[in-house]
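Quick note on numbering that gives the first Met the number 0: the sequence shown kicks off at 0 and runs consecutively. Don't be surprised by glycine CBs; every beta carbon is placed ideally from N, CA and C. Please read these numbers as outputs of a predicted model, since none were measured by experiment. Notes to accompany the following structure.
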Amino acid sequence: MHVAVFGGSGFVGTFVCRALVGCGCVVSSVSRSGDEASLGSSMRRLDGEWTSQVQWLKGDAATDPAAALADDVDAVVSCIGSPGAQLLYADANGWASGWTWSQRSECQYADNFLPNARLAAAAKAAG
Numbered sequence: 000m001h002v003a004v005f006g007g008s009g010f011v012g013t014f015v016c017r018a019l020v021g022c023g024c025v026v027s028s029v030s031r032s033g034d035e036a037s038l039g040s041s042m043r044r045l046d047g048e049w050t051s052q053v054q055w056l057k058g059d060a061a062t063d064p065a066a067a068l069a070d071d072v073d074a075v076v077s078c079i080g081s082p083g084a085q086l087l088y089a090d091a092n093g094w095a096s097g098w099t100w101s102q103r104s105e106c107q108y109a110d111n112f113l114p115n116a117r118l119a120a121a122a123k124a125a126g
């Protein structure tokens, strides 16, 4: 089974990719960086060379998720859910700067909901 993991180089996505490789799946990780380097050396030391069995692809579910879906993908897993730079700034400095819950919600919507909704629509359209 070929599984595309969106957000596969993030904290949660790395564990999902590792588990799928362990189950014998063919795994493609799609992230904005397209690079496994963000995993850090400690993840690679935990399990040896599992990262070499993952195809690391560059793609952005927020802008064009359909372009990142390969024709031979059997399943899609979304691990997208990062708070994003704006929301991290809001957490650190926002309340002192006058951020409101409404602005925080807008960041959550743009960084989390929209990419996941677009990815689900693209996966459904692909069959």
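Asked	Found
Check whether residue 4 and residue 78 have beta carbons under 8 Å apart	yes
Alpha helix (DSSP H) segment containing residue 121, residue limits	113-125
Secondary structure of residue 19, DSSP reduced to three states	helix
Burial state of residue 13, where buried means 16 or more other Cβ atoms lie within 10 Å	buried
Straight-line gap, residue 25 to residue 6 (C-alpha atoms, nearest Å)	16 Å
Reduced DSSP secondary structure (H/G/I, E/B, other) of residue 65	helix
Those residues which DSSP pairs with residue 55 across a bridge	28
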